[in-house]
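Student: The structure that follows is given in the form of structure tokens.
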Amino acid sequence: MVRRWCGAVLGAVAIVALVGCGKGNDDGEDFGNLIAGAQGTQLTRAEHPTGWGRSECFLCHPLEEIHRVDRSGTGTLPLADIRRLVDRDRLGSCPLCHGSNGVN
Ligand code: HEC
Ligand code: HEC
20 MVRRWCGAVL
30 GAVAIVALVG
40 CGKGNDDGED
50 FGNLIAGAQG
60 TQLTRAEHPT
70 GWGRSECFLC
80 HPLEEIHRVD
90 RSGTGTLPLA
100 DIRRLVDRDR
110 LGSCPLCHGS
120 NGVN
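Now the structure itself:
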């Protein structure tokens, strides 16, 4: 029930991402190479219009779908380490690498 609802939200989000920023594709969790963004992996209001100011990241980015693919172009992202850290510290870990996301 809850999972199905999440799927619907993700679907909607994927469409918004596609239409909204033009750099997405049909993979809901592919936002391209973040390292190349203006602030690296730190989120900014401009690149995170849909999620800015929200703290409940997993609503839109399910744990099991993030940090699966290295899109940095370097092939050296320590994704296994990132996943381990995120598994352990959950939402508390996100600001370490993605900044405050406008949440204080
Ligand atoms: C309401 C849904 C929603 C919530 C909540 C949300 N996000 Fe997002 N996130 C998105 C969408 C949609 C995108 C694609 C860019 C956009 O349109 O905002 C995105 C993109 C991203 C990206 C890629 C940014 C880039 O440079 O392309 C990261 C990293 C991210 N989110 C992390 C987080 C973190 C960390 C949190 C919690 C602090 C969070 N998100 C909360 C919907 C959300
Ligand atoms: C140790 C650093 C680190 C932590 C902690 C971390 N991330 Fe990330 N995250 C990254 C990096 C690096 C990328 C960029 C991957 C790429 O560009 O290929 C990324 C990418 C993302 C993306 C874009 C989609 C993807 O899978 O590449 C989302 C969404 C995201 N993170 C959400 C989160 C959320 C939510 C949390 C907290 C639960 C979190 N991150 C914690 C380093 C981190």
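Numbered continuously in the working numbering, the sequence shown closes out at residue 123. C-beta atoms are modelled at their ideal positions from N, C-alpha and C, and glycine is treated no differently.
Taking 8 angstroms as the threshold (beta carbon to beta carbon), is Pro114 in contact with chain D?
Tutor: Absent here is chain D; the protein component of the structure consists of one chain.
Student: DSSP state of Glu83, grouped into three classes?
Tutor: If DSSP states are grouped into helix, strand and coil, Glu83 belongs with the helices.
Student: How long is the line joining the alpha carbons of Val122 and Leu82, rounded to whole angstroms?
Tutor: Taking the straight line joining both Cα atoms gives about 20 angstroms.
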